[in-house]
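A.B. asks:
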Amino acid sequence: MPDKVAVIIGAGPAGITAAHELVSRTQVKPVLIEKDDCIGGLARTVNYKGNRIDIGPHRFFSKSDRVMDWWMKMIPLAATNDGPTEISYQNKSRTIEGKGPSVDADKEDRVMITISRLTRIYFLRKFFDYPISLKVQTILNLGIPRMMRIGFSYLRAMAFPIKPETNLEQFLINRFGRELYLTFFKDYTEKVWGTPCDQISAAWGAQRIKGLNIMKALAHAAKQMVPKGSDIRQKDTETSLVEQFLFPKLGAGQMWDIAADQVREQGGEFHHNLNVERINVEGNLVKSVEVRNSQTGEKETFEGDYFFSSMPIKELVDAISETVPPSVKEVSDGLVYRDFVEVGLLVNKLKVSDDTPTGKQLIKDNWIYIQESDVLVGRMQIWNNWGQAWLQTLQKSG
Ligand SMILES: Cc1cc2nc3c(=O)[nH]c(=O)nc-3n(C[C@H](O)[C@H](O)[C@H](O)COP(=O)(O)OP(=O)(O)OC[C@H]3O[C@@H](n4cnc5c(N)ncnc54)[C@H](O)[C@@H]3O)c2cc1C
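Taken in order, the sequence shown gives residues 984 to 1381; the numbers are from the numbering used here.
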């Protein structure tokens, strides 16, 4: 019998991982309280009549060996003949070796696959490579006058960089020139983050697109023209330009479904449709949480020996209320959250297609950046291109 109880707020990746660690390594029983009717949080996979849709694209990457090992213990890497695999996410990259028995992605569902990223930018009602490459098609798409404006404004930015560089707009102009910034960065970034680029810190740009500038993009374009060998390592490539990532075959949520099953098997409890509204504190200790059932409106109290929270910080601080120091409350009140809406469309075919030697086929993009300022969509995911599962789903549904 477990000695103690840990109340965990939220059954997203953080809550489920905490619960899994507890059942694997302690005698503490995890009790997860989730306000939604499903698990996985922002990393869930929604299964709509057999069609699996993630909440946004998820690439599995961590700098920590422990985290990578944890994931691959949960879902083993598919067998590969190509040796070590280089994966990347947000300017970091690493090499992973398949540990333990490799599994066959064609036969098994519980398998982590490697996806070669293909993404394009939709702008001027045309497709552009992402990252932008200096192909003839790019020049034709942009037109000679715009290309000249891009070239001159880049030279101007190099000769007269904006100083001090405090916001994202200045960060991008200093690296790409004003015209390229207006063409490919401004509208998309503002759509996604809901904040004008001149109100986002330059440090954000440094973190997201560190190391990427026009000279590196040109060098990358030149490298792309040289035929590649079978080596899929991408050691010298800036991460914003890199093409490979790991993904569970049945979607990001498969990771959390498997981990949650293991937690249940080892005695953990999941409670759904319960919204934590209040955290009761005595002295410096949390004693219990008060929840309201979103279906029945009933209130309930959960007591525990340990408490973990993965609910938004702002709401957590509000729920603790009077015992929070004013300076902490002021900071949490100032936190800004961005809503995210995803619309899943099941379509028989797309108007656009790729020409291949065997005829027209579904475009290969994993996602498309919608740069057009008059289209109120930031990104379009094509889930069929994310793993065998998506393709099988489409074939089954005809
Ligand atoms: C579009 C998009 C793309 C992403 N891409 C990647 C990627 O490629 N790679 C990557 O590693 N990460 C990615 N992420 C980030 C990743 O999804 C999050 O880091 C991760 O989901 C955070 O897990 P979490 O458990 O901390 O929080 P969440 O996933 O937010 O889970 C929190 C849980 O707590 C519940 N909850 C909240 N408030 C309460 C309450 N009061 N009472 C009870 N329950 C509550 C919520 O319903 C939710 O289930 C992406 C996110 C988005 C939105």
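Just so it is clear, CB atoms sit at the ideal spot from N, CA and C, and this is done for glycine as well.
Values in this document were obtained by computation on a predicted structure and should not be read as measured data.
(1) Is the beta carbon of Met1294 within less than 6 Å of some heavy atom of ligand 1?
(2) Around the C-beta of Leu1318, are 16 or more other C-beta atoms found within 10 angstroms, so that it is buried, or is it exposed?
(3) Indicate, with yes or no, if ligand 1 has a heavy atom lying under 6 Å from the CB of Asp1322.
(4) Using a Cβ-Cβ cut-off of 6 Å (strictly less than) and excluding sequence neighbours within five positions of Ile1104, which residues of its own chain qualify?
(5) Let me check one thing: in DSSP terms, what residues is Leu1229 bridge-paired to?
(6) By how many angstroms is the C-alpha of Lys1282 removed from the C-alpha of Leu1257?
(7) Report the three-state DSSP secondary structure of Phe1167 (helix, strand or coil).
(8) Is it right to say Ile1127 is buried, meaning 16 or more other beta carbons lie within 10 angstroms of its own, or is it exposed?
(9) Mind pulling the beta strand (DSSP E) runs of 3 or more residues that sit fully within the stretch 1087–1156?
(10) I need the DSSP call for Val988, collapsed to helix, strand or coil.
(11) Suppose contacts are defined by Cβ-Cβ distances below 7 Å. Is Glu1311 in contact with Phe1290 by that definition?
(12) The alpha helix (DSSP H) that contains Gly1236, what's its start and end?
(13) At what residues does the alpha helix (DSSP H) containing Lys1055 begin and finish?
(14) Who are the Cβ neighbours of Gln1153 in its own chain at under 7 Å, not counting the five residues just before and after it?
(15) Hey, would you say the C-beta of Ala997 is under 6 Å away from at least one heavy atom of ligand 1?
(16) Exposed or buried, what is Lys1390 when buried is set at 16 or more other beta-carbons lying within 10 Å of its beta-carbon?
(17) Please identify the residue among Lys1012, Trp1239, Glu1305 and Asp1052 whose C-alpha is closest to the C-alpha of Asp1288.
(18) For my contact list, Ala1235 and Asp1037 are in at a C-beta cut-off of 8 Å; report their separation, rounded to the angstrom.
(19) Would the beta-carbon of Ala1026 be found less than 6 Å away from any heavy atom of ligand 1?
(20) Helix, strand or coil for Asp1338 per DSSP?
(21) Starting from the Cα of Ile1022, find the closest Cα among Val1330, Trp1369 and Asp1240 and give me that residue.
(22) For Gly1451 and Val1326, what's the separation of their Cα atoms in angstroms?
(23) Specify whether the stretch 1054–1062 and the stretch 1024–1037 touch according to this definition: at least 3 beta carbon pairs, one from each stretch, less than 8 Å apart.
(24) At what residues does the alpha helix (DSSP H) containing Trp1187 begin and finish?
(25) Look up Lys1282 in the DSSP assignment and give the residues it is bridged to.
(26) Rounded to whole angstroms, what's the CA-CA distance from Thr1000 to Val1246? Just pull it up for me.
(27) Taking all protein chains shown into account, decide if Gln1237 is buried (16 or more other Cβ within 10 angstroms of its Cβ) or exposed.
(28) I'd like to confirm something about Ile1183: is its beta-carbon nearer than 6 Å to some heavy atom of ligand 1, or not?
(29) What is the residue span of the beta strand (DSSP E) that Pro1013 lies within?
(30) Report the rounded CA-to-CA distance for Glu1004 versus Ser1315, giving the unit in angstroms.
(31) Between Arg1139 and ligand 1, is there a pair consisting of the residue's CB and a ligand heavy atom that are separated by less than 6 Å?
(32) What is the C-beta distance between Ile975 and Asn1150, in whole angstroms, given that I count them as a contact (C-beta under 8 Å)?
(33) Could you tell me the distance, in whole angstroms, from the CA atom of Ile1122 to the CA atom of Arg1008?
(34) Once the 5 residues before and after Trp1176 are set aside, which same chain residues still bring their CB inside 7 Å of it?
(35) Trp1350 bridges to which residues according to DSSP?
(36) Just to confirm, does Ile992 get its C-beta within under 6 Å of one of the non-hydrogen atoms of ligand 1?
C.D. replies: According to the structure data:
(1) Counting from one through the sequence shown, the residue named residue 1294 turns up at place 311. Met1294 Cβ: within cutoff of ligand 1.
(2) As a working mapping, residue 1318 is identified with position 335 in the sequence shown. The residue is exposed, with fewer than 16 neighbouring Cβ atoms inside 10 Å.
(3) Start at 1 with the first residue of the sequence shown, and residue 1322 comes out as number 339. Outside the cutoff, so no.
(4) Residue mapping note: residue 1104 aligns to position 121 of the sequence shown, counting from 1. Closer than 6 Å at the Cβ level, and outside the excluded window around Ile1104, lie Phe1111, Tyr1113, Tyr1352 and Gln1354.
(5) One-based indexing of the sequence shown puts residue 1229 at position 246. DSSP, once it has assigned bridges, lists Phe1043 and Thr1097 as partnering Leu1229.
(6) Walking along the sequence shown from the start, residue 1257 turns up at place 274. Walking along the sequence shown from the start, residue 1282 turns up at place 299. Near 9 Å, if we compare the C-alpha coordinates of Lys1282 and Leu1257.
(7) Taking the sequence shown and counting its residues from 1, the one referred to as residue 1167 is at position 184. The answer is helix: DSSP assigns Phe1167 an H, G or I state.
(8) Stepping through the sequence shown from its first residue, residue 1127 is reached at position 144. Exposed, since its Cβ has fewer than 16 Cβ neighbours within 10 Å.
(9) 1095–1099, 1102–1106 and 1109–1113
(10) Within the sequence shown, residue 988 is the residue found at index 5, counting from 1. Three-state DSSP puts Val988 in a strand.
(11) Here residue 1311 corresponds to residue number 328 of the sequence shown, with the count starting at 1. Here residue 1290 corresponds to residue number 307 of the sequence shown, with the count starting at 1. The sequence given here has Val at residue 1311, not Glu. Their beta carbons are not under 7 Å apart, which means Val1311 does not touch Phe1290 by this criterion.
(12) Within the sequence shown, numbered from 1, the residue matching residue 1236 stands at position 253. It spans Ala1235 to Glu1248 - the alpha helix (DSSP H) in which Gly1236 sits, taken as one unbroken run.
(13) Here residue 1055 is taken as the residue at index 72 of the sequence shown, counted from 1. Inspection of the sequence shows that residue 1055 is occupied by Met rather than by Lys. Where Met1055 is concerned, the enclosing alpha helix (DSSP H) stretches over Asp1048 to Met1057.
(14) Within the sequence shown, the letter at position 170 stands for residue 1153. Excluding positions up to five away in sequence, the list reads Ile1145 and Ala1185.
(15) Taking the first residue of the sequence shown as 1, we reach residue 997 at position 14. Result yes, Cβ under 6 Å from ligand 1.
(16) Here the chain has residues from 984 to 1381 only, and residue 1390 is not among them.
(17) Position 305 of the sequence shown, counting from 1, holds the residue named residue 1288. With distances taken between Cα atoms, Asp1288 lies closest to Lys1012.
(18) Numbered from 1 along the sequence shown, position 252 holds the residue referred to as residue 1235. Numbered from 1 along the sequence shown, position 54 holds the residue referred to as residue 1037. About 5 Å; that satisfies the 8 Å criterion.
(19) The residue you call residue 1026 lines up with position 43 of the sequence shown. Under cutoff, so the answer is yes.
(20) Indexing the sequence shown from 1 puts residue 1338 at position 355. Asp1338 falls in the strand class under three-state DSSP.
(21) In the sequence shown, the residue the question calls residue 1022 occupies position 39. Taking only the C-alpha atoms, the option nearest Ile1022 is Asp1240.
(22) Limits of the chain in this structure are 984 at one end and 1381 at the other, which puts residue 1451 out of reach.
(23) no
(24) Position 204 of the sequence shown, counted from the start, is the residue given in the question as residue 1187. Here the alpha helix (DSSP H) through Trp1187 covers Ala1185 to Ile1192.
(25) Stepping through the sequence shown from its first residue, residue 1282 is reached at position 299. BP columns for Lys1282 point to Arg1275.
(26) The residue you call residue 1000 lines up with position 17 of the sequence shown. The residue you call residue 1246 lines up with position 263 of the sequence shown. If I take the Cα positions, the gap works out to 9 Å.
(27) Looking up residue 1237 in the sequence shown gives position 254. By the neighbour-count rule (16 or more Cβ atoms within 10 Å), Gln1237 is buried.
(28) Within the sequence shown, residue 1183 is the residue found at index 200, counting from 1. No, Cβ of Ile1183 sits at least 6 Å from all heavy atoms of ligand 1.
(29) Residue 1013 sits at position 30 when you count from the first residue of the sequence shown. Element bounds for Pro1013: Val1011 to Ile1016.
(30) Numbered from 1 along the sequence shown, position 21 holds the residue referred to as residue 1004. Numbered from 1 along the sequence shown, position 332 holds the residue referred to as residue 1315. About 28 Å.
(31) As a first step, residue 1139 is located in the sequence shown; it is residue number 156 there, counting from the start. No; taking the cut-off as 6 Å, the Cβ of Arg1139 has no heavy atom of ligand 1 nearer than that.
(32) No information on residue 975 is available, as it lies outside the stretch 984 to 1381 that the chain covers here.
(33) In the sequence shown, residue 1122 corresponds to position 139, counting from 1. In the sequence shown, residue 1008 corresponds to position 25, counting from 1. Distance between the alpha carbons of Ile1122 and Arg1008: 58 Å.
(34) Start at 1 with the first residue of the sequence shown, and residue 1176 comes out as number 193. Contacts found: Ile1183 and Arg1321.
(35) For the purposes of this step, residue 1350 is taken as the residue at position 367 of the sequence shown. Paired residue(s): Thr1102 and Gln1364.
(36) Indexing the sequence shown from 1 puts residue 992 at position 9. Indeed, a heavy atom of ligand 1 lies less than 6 Å from the Cβ.
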